[in-house]
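Enquirer: Line order of the protein sequences matches chains A and B.
Following our numbering, the numbering of the first sequence begins with 1 at its first residue and continues without gaps.
Following our numbering, the numbering of the second sequence begins with 1001 at its first residue and continues without gaps.
Questions regarding the structure given below will be posed in turn.
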Amino acid sequence: MNCTKHGFKKILSVALAGAFLLALGQTTRAAEKPYDEDTYGPAKPIVFAKPVKGVVFTHKIHTMDAGLACDSCHSGLFEMAAGTAEQNPDFTMKSLYEGKYCGACHDGSMAFSSKTRCTACHAGVHGYNKLMGAAPAGEGHGGH
Amino acid sequence: MKIRDLEKLENEGAETLPSEERRKFLRFGLAVTGVFLGGSVLSLTSVRDAKSYMGEMPSDAEKWPYKPHYSMVIIQNRCIDCERCMEACKQTNHVPSYGFRTKVYEQIRDIGNGKHERVFMPALCNHCNRPPCVRVCPTTATYKDKTNGIVMMDYKRCIGCKTCMAACPYNARYFKEENRAIDKCNFCFDTRLSKGETLTACAAACPAGVRNFGDISDTNSNVYQLVHRPDKVVWVLRPETGAMPNVFYTND
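This is the structure in structure tokens:
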């Protein structure tokens, strides 16, 4: 009798401890989750359309995940106002290879070279339409 | 077997080799040394002094290779889906908004560890050496040009039965309402090549050097050079159909 009671207590304590740990785990996980736009920049991805459509930049990957500070890029490489860079005529891959814009880090040593892994950033017209929620152009079925 | 002995062996061709076996070979990292002119990957042994193996002439081809033998080599991993090729094609060849002569397909590929990779694949008429569309056309409205091997359309003869659309392994045809006929890529023959241009509109518009166009029967051409890089794998789409396409794919 005594023995069973003791056993029950043990189970109860283990279960309680488990529940507590689970709750703790959830709170810590929940604490990791919030993305603070003031610290890490806008949550919404920046989608460039010039000179080619559908180049995606995500603040989270660069700030929260990679640990870069705002002044790593602003305002030396990029202006704070989104879409400023793509108005510049030199916002091209050639400039990137010369170390301008993204190429300041994406040079093959600090981060993957901008001459490789094209589709890591280029989501193309397919990606552009998906991100902008637009119906893909030229996919009509008039002819069938 | 020593490599010198391997080199002396006669090339058996790829048609006797099941594709699974070919893939296994490719996985071993052996260099691809030969390419059928408009065919599939041929020699899988590392033959150092091999230039090319032109393969057998397709038994049902009228003339082969053509002069010029137009071909396109697509360096797939350079494609960023900007679709300037599609825009240029539509403008040059008066393609209606619902139609297409070339497309860029998107694929999201699982690369392990929960990560994914985007791959874009441009596709167009492969101007096959053994074109299934030509074979099925009841009115000979689509035919292979006797000089350059381009798969052409004679709109006046087309009755719009769409059998060629069903036969094409590459989904390269559409029905053009304006003509009441099938329309397809002709490597810009009427709009550019016959007017002295050397590139198709899509190849000229590509900012990333994805679409390389030229005469593959000329050993000095860019396309010939691109399919004979011993350190690169070259593939064609749907080789199992036996269509022997003239559009090749490779990566940088």
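By construction, the Cβ of each residue, glycine as well, lies at the ideal position given by its N, Cα and C atoms.
The model shown is predicted, which means the values in this text are computed figures rather than measured ones.
Terminal residues of the continuous alpha helix (DSSP H) containing B:THR1250?
Expert: Position 250 of the second sequence, counted from the first residue, corresponds to residue 1250 of chain B. Not the alpha helix (DSSP H): B:THR1250 falls in the beta strand (DSSP E), residues 1247-1250.
Enquirer: From B:LYS1103 to B:GLY1214, what does the alpha carbon distance come to, in whole angstroms?
Expert: In the second sequence, the residue the question calls residue 1103 of chain B occupies position 103. In the second sequence, the residue the question calls residue 1214 of chain B occupies position 214. Spanning the two alpha carbons is a distance of roughly 20 Å.
Enquirer: Express the C-alpha separation of B:SER1194 and B:CYS1085 in angstroms, rounding to a whole number.
Expert: The residue you call residue 1085 of chain B lines up with position 85 of the second sequence. The residue you call residue 1194 of chain B lines up with position 194 of the second sequence. In a straight line, the C-alpha of B:CYS1085 is about 19 Å away from that of B:SER1194.
Enquirer: Along the chain, where does the alpha helix (DSSP H) that runs through B:VAL1136 open and close?
Expert: Counting from 1 along the second sequence, the entry for residue 1136 of chain B is found at position 136. Annotation for B:VAL1136: the continuous alpha helix (DSSP H) segment containing it runs 1132-1136.
Enquirer: Only counting the same chain, and skipping five residues up and downstream in sequence, which positions put a Cβ closer than 6 Å to that of B:ASP1081?
Expert: Within the second sequence, the letter at position 81 stands for residue 1081 of chain B. Counting only Cβ-Cβ distances below 6 Å, and skipping sequence neighbours, we find VAL1104 and PHE1120.
Enquirer: Cβ of A:SER109 within 7 Å of any heavy atom in the ligand FMN?
Expert: Within the structure as shown, the ligand FMN is missing, as the structure has no ligands at all.
Enquirer: Along the chain, where does the beta strand (DSSP E) containing B:GLN1076 start, and where does it finish?
Expert: For this step, residue 1076 of chain B is matched to residue 76 along the second sequence. B:GLN1076 -> no beta strand (DSSP E), and no H or E assigned at all.
Enquirer: Let me check one thing: in DSSP terms, what residues is B:GLY1214 bridge-paired to?
Expert: Residue mapping note: residue 1214 of chain B aligns to position 214 of the second sequence, counting from 1. Paired residues: B:SER1071.
Enquirer: Can you tell me whether DSSP reads A:PRO51 as helix, strand or coil?
Expert: For the purposes of this step, residue 51 of chain A is identified with residue 51 of the first sequence, where counting begins at 1. Coil.
Enquirer: With DSSP collapsed to three states, give me the class of A:GLU37.
Expert: Locating residue 37 of chain A in the first sequence gives position 37, where the first residue counts as 1. Helix.
Enquirer: Under 8 Å, do B:VAL1227 and B:VAL1234 count as touching if we go by C-beta distance?
Expert: Here residue 1227 of chain B refers to the residue found at position 227 of the second sequence. Here residue 1234 of chain B refers to the residue found at position 234 of the second sequence. Yes. Within cutoff.
Enquirer: Quick test of the definition: if touching needs 3 or more C-beta pairs under 8 Å, does the region 1123-1138 of chain B touch the region 1160-1173 of chain B?
Expert: yes
Enquirer: Can you have a look at B:PHE1036 and say buried or exposed, based on whether 16 or more other CB atoms are within 10 angstroms of its CB?
Expert: Taking the second sequence and counting its residues from 1, one reaches residue 1036 of chain B at position 36. For B:PHE1036, the pLDDT reaches just 47, beneath the cut-off of 50, and the residue's location in the model is therefore unreliable, although a value from the coordinates is still provided. Result: buried.
Enquirer: CA-CA distance, B:PRO1132 and B:VAL1247?
Expert: Residue 1132 of chain B sits at position 132 when you count from the first residue of the second sequence. Residue 1247 of chain B sits at position 247 when you count from the first residue of the second sequence. Spanning the two alpha carbons is a distance of roughly 15 Å.
Enquirer: Any chance you could list the alpha helix (DSSP H) runs of at least 4 consecutive residues sitting entirely within the region 1150-1179 of chain B, in chain order?
Expert: 1163-1167
Enquirer: Is the Cβ of B:ASP1081 closer than 8 Å to any Cβ of chain A?
Expert: For this step, residue 1081 of chain B is matched to residue 81 along the second sequence. Yes, contact with chain A.
Enquirer: Using 8 Å as the Cβ pair cut-off and three pairs as the minimum, do the region 98-106 of chain A and the region 74-82 of chain A touch?
Expert: Three or more pairs of CB atoms, one per stretch, sit closer than 8 Å, so the region 98-106 of chain A contacts the region 74-82 of chain A.
Enquirer: Check the DSSP bridge columns for B:PRO1122 and list the partner residues they point to.
Expert: Within the second sequence, the letter at position 122 stands for residue 1122 of chain B. Beta-bridge pairing links B:PRO1122 to B:VAL1104.
Enquirer: Could you check if A:ALA123 is buried or exposed, using at least 16 other CB atoms within 10 Å of its CB as the buried criterion?
Expert: Numbered from 1 along the first sequence, position 123 holds the residue referred to as residue 123 of chain A. The residue in question, A:ALA123, is buried, as its Cβ has 16 or more Cβ neighbours within 10 Å.
Enquirer: From B:THR1198, B:ASP1110 and B:ASN1126, pick the residue whose C-alpha is nearest to that of B:GLY1242; which is it?
Expert: Taking the first residue of the second sequence as 1, we reach residue 1242 of chain B at position 242. Nearest option by C-alpha distance: B:ASN1126.
Enquirer: Distance check for A:ALA49 and A:GLU37, CA to CA, integer angstroms please.
Expert: Stepping through the first sequence from its first residue, residue 37 of chain A is reached at position 37. Stepping through the first sequence from its first residue, residue 49 of chain A is reached at position 49. Roughly 23 Å between the two C-alpha positions.
Enquirer: Which residues bound the alpha helix (DSSP H) around B:ALA1181?
Expert: Taking the second sequence and counting its residues from 1, one reaches residue 1181 of chain B at position 181. From DSSP, B:ALA1181 is part of no alpha helix (DSSP H) but of the beta strand (DSSP E) over 1181-1184.
Enquirer: Quick one: which residues of the region 1117-1145 of chain B get their C-beta closer than 9 Å to a C-beta of chain A? List them in chain order.
Expert: Hits within the stretch, in order: GLU1117, ARG1118, VAL1119 and PHE1120.
Enquirer: Identify every run of the alpha helix (DSSP H) within the region 55-136 of chain A, keeping only runs that are complete inside it and at least 4 residues long; order them along the chain.
Expert: 93-97, 118-121 and 124-132
Enquirer: Could one say the Cβ of B:ASN1077 lies closer than 8 Å to chain A's Cβ atoms, at least one of them?
Expert: Translated into the one-based positions of the second sequence, residue 1077 of chain B becomes position 77. By this cut-off, B:ASN1077 is an interface position.
Enquirer: Comparing the C-beta of A:HIS62 with each C-beta of chain B, is any distance below 8 Å?
Expert: Translated into the one-based positions of the first sequence, residue 62 of chain A becomes position 62. Chain B contact via Cβ: absent.
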